[in-house]
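*Asks:* Sharing a structure below in structure tokens format, with a few things to ask.
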Amino acid sequence: MSHLITKTHLPLFLNNQFIPMFTVYVFGCLLTTNSKTSPIMVSFSLSLLFLYSYFIHVGFHNLPNTMNIHLTHHHNNHDEHNKSSLCRVTGWMLEFTTNVLFFALFYWFQILVNVHVVPDVLIFYYGFIYVTIHNINYSLFHSATEHVLHHTTTDSTSTTCNYGPDLVDHLFRTKYNNKTFENYNHITPNILVSFLVTSCFFNR
Ligand SMILES: [Zn+2]
Ligand SMILES: [Zn+2]
């Protein structure tokens, strides 16, 4: 972690990611005021989900090929231009479902072990942000070069990198170019919409 607290890295993080991430936290606090979840617990819960979303993605990259929906349908970009529209839509829907499954698994795991550390409202709120960023900002609009690289560097001959979230790639040294931080301006609409949808859904 100390490798991030340097003259070069810290200002880049503050310029590119601090405000969107702090906004996620503040809205997380607002969404949990009724359940009396403390700001410290919100911080812990969101940090846990932040790390989880990295490791579950890495985990899906390491599943056996026969059952690997993520690699088979989301990382087979070699013939992207030759794919039919139906094939592309199907691949997109499968990845959307896979991403939703990431957070459904987290939710079910807490029920299974009967330990409710992370409030359901935060799983939904963070999951909504994650799923929409990956499936809309990254997949449809290619909003970040970091994620484009994740797709171009995950063949069998190169090292896997840029799983996201960007800061976790920095922490675990899986960032392709560790001198850059993804500019998170593009995730502002995802945060705002997620806050509104979560507020309505959980009736707060
Ligand atoms: Zn992707
Ligand atoms: Zn991937």
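Here this note's numbering is used: position 104 in the sequence shown is 364, and no number is missing along the way. All C-beta atoms in this analysis are idealised placements derived from N, C-alpha and C, irrespective of residue type, glycine included. Remember, predicted model here, so these are calculated numbers, not experimental data.
1. What residue from Asn328, Val302 and Val381 has the CA that sits closest to Phe462's CA?
2. Are the segment 285-297 and the segment 318-330 in contact at 8 Å, needing three or more beta carbon pairs?
3. For the candidate residues Val457, Thr458, Ile393 and Phe455, whose alpha-carbon lies nearest to that of Asp426?
4. Excluding five sequence neighbours on each side, which residues of the same chain lie with their C-beta closer than 8 Å to the C-beta of Leu308?
5. Quick one, which of Leu409, Ala364, Gly387 and Ser262 has its alpha-carbon nearest Val284's?
6. Closer than 7 Å: is that where the CB of His334 sits relative to any heavy atom of ligand 2?
7. Smallest Cα separation from Met281: which of Val457, Ser459, Cys460 and His446?
8. Report yes if the CB atom of Val391 is closer than 8 Å to the CB atom of Asn422, and no otherwise.
9. Excluding the 5 residues flanking Phe432 on each side, which residues of the same chain have their C-beta closer than 8 Å to its C-beta?
10. What residues in its chain sit with their C-beta under 6 Å from that of His330, if we drop five residues either side in the sequence?
11. Cα separation between Asn524 and Gln370?
12. Using 8 Å as the threshold, is the C-beta distance between Thr363 and Ile389 below it?
13. Reducing DSSP to helix, strand and coil, say where Asn437 ends up.
14. Should His410 be counted as a contact of ligand 1 given a C-beta to heavy atom distance under 7 Å?
15. According to the neighbour-count rule (16 or more other Cβ atoms, all chains shown, within 10 Å of its Cβ), is Lys267 buried or exposed?
16. Is Val453 buried or exposed, if buried means 16 or more other CB atoms sit within 10 Å of its CB?
17. Helix, strand or coil for Ile265, going by three-state DSSP, please let me know.
18. Between which two residues does the alpha helix (DSSP H) carrying Met327 extend?
19. Can you tell me which of the three DSSP states Ala240 falls into?
20. Taking the alpha carbon of Thr434 as the point to measure from, which residue in His334, Thr413, Ser262 and Val302 has its own alpha carbon closest?
21. In whole angstroms, what is the alpha-carbon distance linking Val286 and Leu272?
*Replies:* For this structure:
1. For the purposes of this step, residue 462 is taken as the residue at position 202 of the sequence shown. The candidate whose alpha carbon is nearest that of Phe462 is Val381.
2. no
3. Locating residue 426 in the sequence shown gives position 166, where the first residue counts as 1. It is Ile393.
4. To locate residue 308, count along the sequence shown from 1; it is residue 48. Closer than 8 Å at Cβ, skipping near neighbours: Val377 and Val378.
5. Within the sequence shown, numbered from 1, the residue matching residue 284 stands at position 24. Among Leu409, Ala364, Gly387 and Ser262, the Cα nearest to that of Val284 is on Gly387.
6. Locating residue 334 in the sequence shown gives position 74, where the first residue counts as 1. Yes, the beta carbon of His334 sits closer than 7 Å to at least one heavy atom of ligand 2.
7. Your numbering for residue 281 matches position 21 in the sequence shown. With distances taken between Cα atoms, Met281 lies closest to His446.
8. Along the sequence shown, one-based indexing puts residue 391 at 131. Along the sequence shown, one-based indexing puts residue 422 at 162. In this structure, Asn422 does not lie closer than 8 Å to Val391 by Cβ.
9. Within the sequence shown, numbered from 1, the residue matching residue 432 stands at position 172. The answer, listed in chain order, is Tyr314.
10. Here residue 330 refers to the residue found at position 70 when the sequence shown is read from its first residue. Around His330: Phe320 and Thr358.
11. The structure shown does not extend to residue 524, since the chain is modelled only from 261 to 464, so the question has no answer here.
12. Counting from 1 along the sequence shown, the entry for residue 363 is found at position 103. Counting from 1 along the sequence shown, the entry for residue 389 is found at position 129. Looking at the sequence itself, residue 363 is Phe, so the reference to Thr does not match. For Phe363 and Ile389, no; Cβs fall outside 8 Å.
13. As a working mapping, residue 437 is identified with position 177 in the sequence shown. In the structure shown, Asn437 sits in coil (DSSP, three-state: anything other than H, G, I, E or B).
14. Mapped onto the sequence shown, residue 410 falls at position 150. Correct: His410 has its Cβ closer than 7 Å to ligand 1.
15. Position 7 of the sequence shown, counted from the first residue, corresponds to residue 267. Looking at its Cβ environment, which holds fewer than 16 other Cβ atoms inside 10 Å, Lys267 is exposed.
16. Translated into positions along the sequence shown, residue 453 becomes position 193. That one is exposed.
17. Residue 265 sits at position 5 when you count from the first residue of the sequence shown. Looking at Ile265 - three-state DSSP - the assignment turns out to be coil, as it is neither helix nor strand.
18. Locating residue 327 in the sequence shown gives position 67, counting from the first residue. Note, Met327: premise wrong, no alpha helix (DSSP H); not H, not E.
19. Given that the chain is displayed from residue 261 to residue 464, the structure contains no residue 240 and the question cannot be resolved.
20. The residue given as residue 434 occupies position 174 in the sequence shown. For the residues His334, Thr413, Ser262 and Val302, the minimum Cα distance to Thr434 belongs to Thr413.
21. In the sequence shown, residue 286 corresponds to position 26, counting from 1. In the sequence shown, residue 272 corresponds to position 12, counting from 1. Approximately 22 Å between the Cα atoms of the pair.
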